[in-house]
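Engineer: Chain order of the listed sequences is A and B.
As numbered in the working numbering, residues 1 to 333 make up the first sequence, in order.
As numbered in the working numbering, residues 1001 to 1293 make up the second sequence, in order.
Ideal placement from N, C-alpha and C gives every residue a C-beta, glycine not left out.
I have a structure here, written as structure tokens, and I will follow up with some questions on it.
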Amino acid sequence: MSSVVPAYGPDAPGRLAGLADVTASDAALRRFLHGLPGVDAVGLEARAAGLGTRSIKTTAKAYAIDLAISMIDLTTLEGSDTHGKVRALCAKGRRPDPTDPGTPHVAAICVYPDMVAVAREALGDGSGISVASVATAFPAGRVALPVKLADTADAVAAGADEIDMVIDRGAFLSGRYMEVFEEIRAVKQACARPGGGSAAHLKVIFENGELSTYDNIRRCSWLAMLAGADFIKTSTGKVAVNATPANTLLMLEAVRDFRDAVGVQVGVKPAGGIRTSKDAIKYLVMVNETLGDDWLSPDWFRFGASSLLNDLLMQRQKLSTGRYSGPDYVTVD
Amino acid sequence: MKVSEQSRLAVFKTYKLYVGGKFPRSESGRVYEVTDSKGGHWLANAPLSSRKDARDAVVAARKAVPGWSGATAYNRGQVLYRVAEMLEGRREQFTREVADAEGLSKSKAAAVVDAAVDRWVWYAGWTDKIAQVVGGANPVAGPFFNLSTPEPTGVVAVLAPQDSSLLGLVSVLAPVIATGNAAVVVAAERAPLPALSFGEVLATSDVPAGVVNILSGRTAELSAPLASHQDVNALDLTGAPAELAAELEASAADTLKRVRRPSPAAEDWTRDPGTSRLTAWLETKTVWHPIGV
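Next comes the structure, spelled out in structure tokens:
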């Protein structure tokens, strides 16, 4: 492979076209996905657990905490979200710790499509923070395709820089891979910015907790990357099993293998259940050991989280003051 | 064949911390040797807690605050009385541990345990009475009802007295939780075993997990992170030597903690304690309500 191109760059579709034969028909796609090597579940879990035992201290820890903060997609996805809550979240994202201006800002604010305009306005221009929107009838995704596309186009028109779509798990689990593939392609097209401008980046949510097996997660990763996903994301955060070290590691490996095979770099976003700095640092270790430096940036790795930020800030305060901080010293959210 | 005393394997007790309703070892894996009061005879290994154990204990305590401070005073009294029942049931064990720890004869140690049970029951009775004593209606120059009520301050770090391993512990711990606070207790450094066993009493009562957390180890090592911890609301320095106490008080002032200083002279734990230890951990909330609306 001569060089690596980013999934959201202009050269990526050309690289993907090189694999047109595997996506030419339902049968070919199935043959390809089922031809992927099976996952050694015990080995995968042991590897993920092993990478979680690294001890990251002092300056390395300070670096990891700042990096983790800059990778957060600060998220609010509740039925009870208000404009005020979204604006408060945006203010927090821009300046997570008002007592320390050296704190990096978060990568993105993640909201429902109808809140995109509010978040866009609250962030203003030049904040460096993206607005991410879940779309395609998040979290279940159980609506007809035209509705999903309208949902996506609506969010993009309102100013979303990133779209988090959910796949049709029902179709995937019943083996209708082509249907899922076409749907991701269609949503990717709907991410195009009306009137020109760069298209919104597409993150594809698998909902690992519903895919049941590691083999399915590996197949789903390849399927989404073949269909043109810019990011692959573990879960919605709305089911019992969300991001786990093992299923995230599996996706990281898929991304690595995909880059080696196709030359396209895809990002990864674990979401849901990552609440402590310790957990976040374990994920960063995993990224570094599996993918290396190239992925250790907010452009290629994100945390979907809300309460994680407070814990990172408390740890940050601990490192700078030498004393343990408490929840009274960060915002309630 | 008759099983004689000699043929039994010795079953030594592994003393462990009591944090968040569980019995963990120290995260550091360290232990230290606890000897009897004469300093010669080995009794057991106790966990030598680290500052991270202290941090974990504060997290557990903070989690327990809303439930415990929100429980009715009557309910707290019942729960505390239940602790006294459990303590009474383990009278023999504590008599033995106190006798070893403090070098007392069996009968004197038994008297100490009885006094500890009585002290606990006495404080249990205070849960639904302290509000009437320190709260009340205030006369104000205006058409308002003006009512003051005591409220728990939150998480209290307690350095248990060094000279009285059970009665002293009970006398400093009971008022903290009777008023609705959660406690992180650093047991007496040289005699932590009765305190660690007391954790078992609490675990088998109805005290919610995290309301009391008991650590053993070096008082100086554990008290420093607790005194500077921003999520600890108050600090009881009873078990701190004078020099350390001054240092800790200065460190606690950074985060405006309530601090109870150690008494300059040795305290007599058998005396009537009065209510000063109850009121030390209370904040006063005052509400104005217009009359005639």
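With DSSP as the reference, identify every bridge partner of E1243 of chain B, one or two as the case may be.
Structural biologist: As a position in the second sequence, residue 1243 of chain B is number 243, starting the count at 1. According to DSSP, which records beta bridges pairwise, E1243 of chain B is partnered with nothing at all.
Engineer: Any heavy atom of the ligand MN within a distance shorter than 6 Å of the CB on T248 of chain A?
Structural biologist: As far as ligands go, the structure on display features none, and thus does not contain the ligand MN.
Engineer: Residues of chain A with CB closer than 9 Å to the CB of H1229 of chain B, please, in chain order.
Structural biologist: Residue numbering aside, residue 1229 of chain B sits at position 229 when the second sequence is read from its first letter. By Cβ distance, chain A contributes R323, Y324, S325 and G326.
Engineer: Around the C-beta of G1180 of chain B, are 16 or more other C-beta atoms found within 10 angstroms, so that it is buried, or is it exposed?
Structural biologist: Here the question's residue 1180 of chain B lines up with position 180 in the second sequence. Buried, since its Cβ has 16 or more Cβ neighbours within 10 Å.
Engineer: When DSSP labels each residue in this structure, what does R1260 of chain B get in the three-state scheme?
Structural biologist: Here residue 1260 of chain B is taken as the residue at index 260 of the second sequence, counted from 1. It is a strand residue.
Engineer: Would you identify the three-state DSSP class for C90 of chain A, choosing helix, strand or coil?
Structural biologist: Start at 1 with the first residue of the first sequence, and residue 90 of chain A comes out as number 90. Helix, per DSSP.
Engineer: How many Å lie between V143 of chain A and A1183 of chain B at the Cα?
Structural biologist: Position 143 of the first sequence holds residue 143 of chain A. Position 183 of the second sequence holds residue 1183 of chain B. Each residue's Cα considered, the two are about 52 Å apart.
Engineer: Work out the CA separation of N1138 of chain B and G334 of chain A for me, nearest whole Å.
Structural biologist: There is no way to answer for residue 334 of chain A, as the model of chain A reaches only from 1 to 333.
Engineer: Compute the distance between the beta-carbons of L1278 of chain B and W1122 of chain B, then report whether it is under 7 Å.
Structural biologist: Taking the second sequence and counting its residues from 1, the one referred to as residue 1278 of chain B is at position 278. Taking the second sequence and counting its residues from 1, the one referred to as residue 1122 of chain B is at position 122. Not in contact: L1278 of chain B and W1122 of chain B (Cβ atoms no closer than 7 Å).
Engineer: Determine the burial state of A7 of chain A: buried for a count of at least 16 other Cβ atoms within 10 Å of its Cβ, exposed for fewer.
Structural biologist: By one-based count along the first sequence, residue 7 of chain A stands at place 7. Flag for A7 of chain A reads buried.
Engineer: Looking only at its chain, what residues have a beta carbon closer than 7 Å to the beta carbon of M115 of chain A, apart from the 5 residues adjacent to it on each side?
Structural biologist: Start at 1 with the first residue of the first sequence, and residue 115 of chain A comes out as number 115. The residues are D81 and V86.
Engineer: So that I know if they touch, is there some Cβ in chain A lying closer than 7 Å to that of R1055 of chain B?
Structural biologist: Residue numbering aside, residue 1055 of chain B sits at position 55 when the second sequence is read from its first letter. R1055 of chain B counts as touching chain A.
Engineer: Please classify S1069 of chain B: does DSSP put it in a helix, a strand, or coil?
Structural biologist: Position 69 of the second sequence holds residue 1069 of chain B. The answer is helix: DSSP assigns S1069 of chain B an H, G or I state.
Engineer: State the Cα-Cα distance for the pair R302 of chain A and A132 of chain A, rounded to the nearest angstrom.
Structural biologist: If you number the first sequence from 1, residue 302 of chain A lands on position 302. If you number the first sequence from 1, residue 132 of chain A lands on position 132. Spanning the two alpha carbons is a distance of roughly 12 Å.
Engineer: Grouping DSSP H, G and I as helix and E and B as strand, with all else coil, what is M71 of chain A?
Structural biologist: As a working mapping, residue 71 of chain A is identified with position 71 in the first sequence. If DSSP states are grouped into helix, strand and coil, M71 of chain A belongs with coil.
Engineer: Can you tell me the Cα-Cα spacing of V241 of chain A and T234 of chain A, whole angstroms?
Structural biologist: Here residue 241 of chain A corresponds to residue number 241 of the first sequence, with the count starting at 1. Here residue 234 of chain A corresponds to residue number 234 of the first sequence, with the count starting at 1. When rounded, the distance between both Cα atoms is 10 Å.
Engineer: Do you know how far the Cα of V255 of chain A is from the Cα of G38 of chain A?
Structural biologist: Here residue 38 of chain A corresponds to residue number 38 of the first sequence, with the count starting at 1. Here residue 255 of chain A corresponds to residue number 255 of the first sequence, with the count starting at 1. Inter-residue distance for G38 of chain A and V255 of chain A is about 16 Å (C-alpha atoms, whole angstroms).
Engineer: Would you check if the distance between the CB atom of A1054 of chain B and the CB atom of V1156 of chain B is smaller than 7 Å?
Structural biologist: Position 54 of the second sequence, counted from the first residue, corresponds to residue 1054 of chain B. Position 156 of the second sequence, counted from the first residue, corresponds to residue 1156 of chain B. In this structure, V1156 of chain B does not lie closer than 7 Å to A1054 of chain B by Cβ.
Engineer: For S1050 of chain B and S1069 of chain B, which I take to be in contact (beta-carbon distance under 8 Å), what is that distance rounded to the nearest angstrom?
Structural biologist: Taking the first residue of the second sequence as 1, we reach residue 1050 of chain B at position 50. Taking the first residue of the second sequence as 1, we reach residue 1069 of chain B at position 69. S1050 of chain B to S1069 of chain B, Cβ: 28 Å. No contact.
Engineer: Go to V1098 of chain B, then tell me how far its alpha helix (DSSP H) extends in each direction, as first and last residue.
Structural biologist: Counted from its first residue, the second sequence places residue 1098 of chain B at position 98. First-last of the alpha helix (DSSP H) with V1098 of chain B: R1091 to E1102.
Engineer: Residues of chain B with CB closer than 8 Å to the CB of Y329 of chain A, please, in chain order.
Structural biologist: To locate residue 329 of chain A, count along the first sequence from 1; it is residue 329. Q1230, listed in chain order.
Engineer: Let me know the secondary structure DSSP gives M1 of chain A once reduced to three states.
Structural biologist: On the first sequence, residue 1 of chain A is found 1 positions in, with the first residue counted as 1. Only weak support exists for where M1 of chain A lies, its pLDDT of 49 falling under 50; the value from the coordinates is given anyway. Three-state result, M1 of chain A: coil.
Engineer: Go ahead and label F1144 of chain B buried or exposed: buried means 16 or more other beta carbons lie within 10 angstroms of its beta carbon, across all protein chains shown.
Structural biologist: Taking the second sequence and counting its residues from 1, the one referred to as residue 1144 of chain B is at position 144. Under this definition F1144 of chain B is an exposed residue.
Engineer: Would you say K1285 of chain B faces chain A, with C-beta separation under 7 Å as the test?
Structural biologist: Taking the second sequence and counting its residues from 1, the one referred to as residue 1285 of chain B is at position 285. No, no contact with chain A.
Engineer: In chain A, which residues lie less than 8 Å from P1152 of chain B when you measure between Cβ atoms?
Structural biologist: The residue given as residue 1152 of chain B occupies position 152 in the second sequence. Taking a Cβ-Cβ cut-off of 8 Å, P1152 of chain B has no neighbours in chain A, whose nearest Cβ is about 15 Å from it.
Engineer: Count the other CB atoms, across all protein chains shown, that sit within 10 Å of the CB of G322 of chain A; report buried if there are 16 or more and exposed otherwise.
Structural biologist: On the first sequence, residue 322 of chain A is found 322 positions in, with the first residue counted as 1. By the 10 Å Cβ count, G322 of chain A comes out exposed.
Engineer: Terminal residues of the continuous beta strand (DSSP E) containing G267 of chain A?
Structural biologist: Counting from 1 along the first sequence, the entry for residue 267 of chain A is found at position 267. It spans G267 to K269 - the beta strand (DSSP E) in which G267 of chain A sits, taken as one unbroken run.
Engineer: Roughly how many whole angstroms lie between the Cα atoms of L123 of chain A and P96 of chain A?
Structural biologist: Along the first sequence, read from residue 1 onward, the residue named residue 123 of chain A stands at position 123. Along the first sequence, read from residue 1 onward, the residue named residue 96 of chain A stands at position 96. Cα to Cα, the separation comes out at about 13 Å.
Engineer: Give me the subset of the segment 1200-1231 of chain B whose CB atoms are less than 8 Å from a CB atom of chain A, sorted by chain position.
Structural biologist: P1225, S1228, H1229, Q1230 and D1231
Engineer: Report the rounded CA-to-CA distance for K203 of chain A versus V111 of chain A, giving the unit in angstroms.
Structural biologist: One-based indexing of the first sequence puts residue 203 of chain A at position 203. One-based indexing of the first sequence puts residue 111 of chain A at position 111. One C-alpha to the other measures close to 14 Å.
Engineer: If we count the other Cβ atoms within 10 Å of its Cβ and call it buried at 16 or more, is S1171 of chain B buried or exposed?
Structural biologist: For the purposes of this step, residue 1171 of chain B is identified with residue 171 of the second sequence, where counting begins at 1. S1171 of chain B should be labelled buried.
Engineer: Do you know whose CA, among A:R316, A:V268, A:D311 and A:L312, lies nearest S351 of chain A's CA?
Structural biologist: Residue 351 of chain A lies beyond the stretch modelled for chain A, which goes from 1 to 333, so this question has no answer here.
Engineer: Could you tell me the distance, in whole angstroms, from the CA atom of M1 of chain A to the CA atom of Q265 of chain A?
Structural biologist: Position 1 of the first sequence, counted from the first residue, corresponds to residue 1 of chain A. Position 265 of the first sequence, counted from the first residue, corresponds to residue 265 of chain A. In this predicted model, M1 of chain A has a pLDDT of only 49, less than 50, meaning its place in the structure is not dependable; the value taken from the coordinates is given anyway. Spanning the two alpha carbons is a distance of roughly 12 Å.
Engineer: Considering only their Cβ atoms, is the gap separating I274 of chain A from A243 of chain A smaller than 7 Å?
Structural biologist: If you number the first sequence from 1, residue 243 of chain A lands on position 243. If you number the first sequence from 1, residue 274 of chain A lands on position 274. Yes. Within cutoff.
Engineer: Give me, in chain order, the residues of the same chain whose beta-carbon lies closer than 7 Å to that of D1254 of chain B; leave out the 5 immediate sequence neighbours on both sides.
Structural biologist: As a first step, residue 1254 of chain B must be located in the second sequence, where it is residue number 254. Counting only Cβ-Cβ distances below 7 Å, and skipping sequence neighbours, we find S1228.
Engineer: Using only alpha-carbon positions, find the residue among A:A171, A:R176, A:G126 and A:E183 that is nearest to P152 of chain A.
Structural biologist: What you label residue 152 of chain A is simply residue 152 of the first sequence in a count that begins at 1. Note that residue 152 of chain A is Thr in the sequence shown, not Pro. It is A:E183.
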